[in-house]
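With mature numbering (1 follows the signal peptide of the UniProt record, and there is no 0) as the guide, the letters of the sequence shown map in order to residues -15 to -1, 1 to 106.
Cβ coordinates follow ideal geometry from the N, Cα and C atoms, glycine included.
All values derive from a computational prediction rather than experimental measurement.
First comes the structure, then the notes that go with it.
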Amino acid sequence: MKFVVVMVVIAVAAARPGNPYEKFDSLDVDEVISNSKLTTALLNCMVGEGKCTPEGTDLKNLAPGAVQNKCADCTPEQKTKAAKFMRAARKDYTELFNKIVKIHDPNNEHTAELEEFLSQN
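As structure tokens, then:
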């Protein structure tokens, strides 16, 4: 159950009202980032270094939106949650966070947008 909660974090980064991921809007991001085992499993899934649940696979596919376009399709609440998770990942799981960014922005074309997103949400 808690692993599913972790998977939800990135889903909110690309969720739009009316899509299947809006069910994750009630996610407690603080609960997720306080559980290092769950966070590590999610991040490992996202970089292809760990097993993914079906939810994890969906979230892995949604990550580009957060990295490349400041979560443009997200609601304000989803942006806040996604940015909070991403800031925690960058701080506490720097290597995995950097791998995710490198996967979705290999030429560093979106670095400024990502930094702006993380600082404003």
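Check                                                                                       : Outcome
Pairwise C-alpha distance: Lys22 and Ala51                                                  : 23 Å
Delimiting residues of the alpha helix (DSSP H) encompassing Val86                          : Thr79 to His89
C-beta atoms of His95 and Gln63 nearer than 8 Å                                             : no
Between the CA atoms of Thr25 and Ile18 - distance to the nearest angstrom                  : 9 Å
Own chain residues within Cβ distance below 6 Å of Arg75, not counting five before or after : Phe82
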